Each structure stands twice: as structure tokens, then as C-alpha cells.
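Undergrad:
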Amino acid sequence: MNYASQLQNLMEKASISSFKELSQKAGVSELQLIRLRRGLGSQMRVDILFKISQALGITLTELLDNFAPELVKKSVPTSTSTLEKEYNNLQANLEQQKQFLTQEFQQSSLQILESWLQQWPTVVYKVKQSPGLAAVKILPLLRPLEQLLQQWNVESIVPVGAEVPFDPQLHQLMEGSAQEGELVKVRYTGYRQGDKLLFRAKVSPIN
1048 MNYASQLQNL MEKASISSFK ELSQKAGVSE LQLIRLRRGL GSQMRVDILF
1098 KISQALGITL TELLDNFAPE LVKKSVPTST STLEKEYNNL QANLEQQKQF
1148 LTQEFQQSSL QILESWLQQW PTVVYKVKQS PGLAAVKILP LLRPLEQLLQ
1198 QWNVESIVPV GAEVPFDPQL HQLMEGSAQE GELVKVRYTG YRQGDKLLFR
1248 AKVSPIN
């Protein structure tokens, strides 16, 4: 049985003008749509069918009613809705895992970059103090990495060269001693990612 006309009717209701557009919107290959039109819906994977139903703006049950009615007749009334819930739960779990892995990757990368992150702003500061240095030409080359840090929501705590009240939670003394609240000079900046402190800024007392 050919289900092309049924699929086209559903596409019209969803304001989808072509099978190619439906394929792109659902994130499935056009071959899957051909299988659906040829009445092979009962042989297709549930996740593929679910994506197509989402693109058409209907439930998985409605899609099966149209293209694989034998499955609906054989199953209990709640089976398709249960499948939808399980699929949604799976998608949510995958999204959580994706976020966790992204954070893990960022953390491991930041640990590798820790030395550079602390030293580079100091290099930039010294170069800006002596603009005649040839190193000033390489500063623009580091912008892509700086943009990456911005995307990761990583920001420096305080600029190099700044004189700030000493805070042992945010600052690490490189030499000498300082009481909390006393002015210190930032030698190497520290970083935070959102609300999480990655590492403290390195400072020295102001004599």
C-alpha cells in the first residue's frame, strides 16, 4: 500500500512543502520517508518514527495510526504513549550526559592550560607597557583562544598590574606577607568559571 498521499496531507497541515524539507526538519534521511510512504512503518525504528511525528506536529500514536495501524491494533492502548515517555526520558538523560561530558572536557582542558592562563595575561601586560616589542604582533593571534574561554564562561578575576585589597580566598601571595584588606599588586591573574573559582590570582605586597 502506498501512503504518499497521507504523508503529503500531514505535511500540508504542518506547512512543509517537500519531502526534502521534512527530512531536514525531522533529522532523518529521505530514504526513511520513502520507507514510510511504501507502508514499511512497522519495520522502522521507533526513534525515527518519533522524529518524523515531531516534525509533522503529531503524536507517535497518530503517526502509527496512519502508517502502521497493525502495530496499534496489536498493542495495548498505552504502549505508544509509554514509548514516547521513554524516548523523552532517554533524550533528557542524553542531554544531561552531554552537559556533564562537556563540563568534564572543559575542566580537563583548563587544567592543561592553567600555566598558560596565568602567564599569558602577564605577557600581554608587559607587552602593552613596551609596545615597541615585536611580541605585540602576536597578540591578535591569541584572540580565538580568548573567544573560546568566553564561550566556556571563563573569565579572569582581576587584571594584571591592578592594585587590590588582599583576599586570601582569591589571591595567592608569591612572596612576603599581607593582611587581609591590605593592598597587593596582581602579578598573574586568576580565573573563575561562572561561580566556580578555578585558581587564585598570584599577587605580591606593595612595599
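Numbering (our numbering) for the sequence shown: 1048 to 1254. All residues carry an ideal CB built from backbone N, CA and C; glycine is no exception. Quick caveat, the model's predicted, so the values are computed rather than measured.
(1) Less than 6 angstroms between C-beta atoms, sequence neighbours within five positions excluded: which residues of the same chain meet that for residue 1123?
(2) Excluding five sequence neighbours on each side, which residues of the same chain lie with their C-beta closer than 7 angstroms to the C-beta of residue 1242?
(3) When burial is assigned at 16 or more other CB atoms within 10 Å of the CB, is residue 1079 buried or exposed?
(4) Below 6 angstroms CB to CB, which residues in the same chain sit around residue 1156 once its five sequence neighbours on both sides are set aside?
(5) Residue range of the alpha helix (DSSP H) that residue 1206 falls in?
(6) Give the range of the alpha helix (DSSP H) segment to which residue 1092 is assigned.
(7) Helix, strand or coil: which one does DSSP assign to residue 1138?
(8) Can you give me the Cβ contacts of residue 1219 inside the same chain, cut-off strictly under 6 angstroms, excluding the 5 residues immediately before and after it?
(9) Check this for me: beta carbons of residue 1059 and residue 1070, under 8 angstroms apart or not?
(10) Provide the residue(s) that pair with residue 1071 in DSSP beta bridges, ordered along the chain.
(11) Rounded C-beta distance between residue 1092 and residue 1051? I'm assuming under 8 angstroms.
(12) Between the alpha carbons of residue 1072 and residue 1110, how many angstroms are there, rounded?
(13) Name the one or two DSSP bridge partners that residue 1170 has.
(14) In chain order, what residues of the same chain lie with their CB nearer than 6 angstroms to the CB of residue 1228, ignoring the 5 residues before and after it?
(15) Here's a check: name, in chain order, each residue in its chain whose Cβ is nearer than 6 angstroms to the Cβ of residue 1258, leaving out the five neighbours to either side.
(16) Excluding sequence positions up to five away, which residues of its chain have a Cβ less than 6 angstroms from the Cβ of residue 1199?
(17) If we ignore side chains and look at the alpha-carbon of each, how far apart do residue 1225 and residue 1143 end up?
(18) My guess is that residue 1235 and residue 1169 are in contact by the Cβ rule of under 8 angstroms, so how many angstroms apart are they, rounded?
(19) What did DSSP end up calling residue 1239 once you bin it into helix, strand or coil?
TA: In short, the structure shows the following:
(1) One-based indexing of the sequence shown puts residue 1123 at position 76. Only weak support exists for where residue 1123 lies, its pLDDT of 47 falling under 50; the value from the coordinates is given anyway. Same-chain partners within the cutoff: there are none.
(2) For the purposes of this step, residue 1242 is taken as the residue at position 195 of the sequence shown. Closer than 7 angstroms at the Cβ level, and outside the excluded window around residue 1242, lies no residue.
(3) Taking the sequence shown and counting its residues from 1, the one referred to as residue 1079 is at position 32. It counts as buried.
(4) One-based indexing of the sequence shown puts residue 1156 at position 109. Nothing listed; no residue qualifies.
(5) Along the sequence shown, one-based indexing puts residue 1206 at 159. Careful: residue 1206 lies outside any alpha helix (DSSP H) and carries neither H nor E.
(6) Residue numbering aside, residue 1092 sits at position 45 when the sequence shown is read from its first letter. Unbroken run through residue 1092: none, as it is neither H nor E.
(7) Position 91 of the sequence shown, counted from the start, is the residue given in the question as residue 1138. Helix.
(8) For the purposes of this step, residue 1219 is identified with residue 172 of the sequence shown, where counting begins at 1. So the list reads 1247 and 1249, once near-sequence residues are dropped.
(9) Numbered from 1 along the sequence shown, position 12 holds the residue referred to as residue 1059. Numbered from 1 along the sequence shown, position 23 holds the residue referred to as residue 1070. No, they are not a contact pair.
(10) By 1-based counting over the sequence shown, the position of residue 1071 is 24. Residue 1071 is not bridged to any residue.
(11) Residue 1092 sits at position 45 when you count from the first residue of the sequence shown. Residue 1051 sits at position 4 when you count from the first residue of the sequence shown. So it is not a contact: roughly 21 angstroms between Cβ atoms.
(12) Mapped onto the sequence shown, residue 1072 falls at position 25. Mapped onto the sequence shown, residue 1110 falls at position 63. About 16 angstroms.
(13) As a working mapping, residue 1170 is identified with position 123 in the sequence shown. DSSP, once it has assigned bridges, lists no residue as partnering residue 1170.
(14) For the purposes of this step, residue 1228 is taken as the residue at position 181 of the sequence shown. Cβ neighbours of residue 1228 beyond the five flanking positions: 1212.
(15) The chain is shown from 1048 up to 1254; residue 1258 falls before or after that span and cannot be answered.
(16) Here the question's residue 1199 lines up with position 152 in the sequence shown. Cβ within range, chain order: 1153.
(17) If you number the sequence shown from 1, residue 1225 lands on position 178. If you number the sequence shown from 1, residue 1143 lands on position 96. Whole-angstrom Cα-Cα distance: 44 angstroms.
(18) For this step, residue 1235 is matched to residue 188 along the sequence shown. For this step, residue 1169 is matched to residue 122 along the sequence shown. The Cβ separation is near 5 angstroms, so the contact holds.
(19) For the purposes of this step, residue 1239 is taken as residue 192 along the sequence shown, with counting starting at 1. Of the three classes helix, strand and coil, the one that applies to residue 1239 here is strand, per DSSP.
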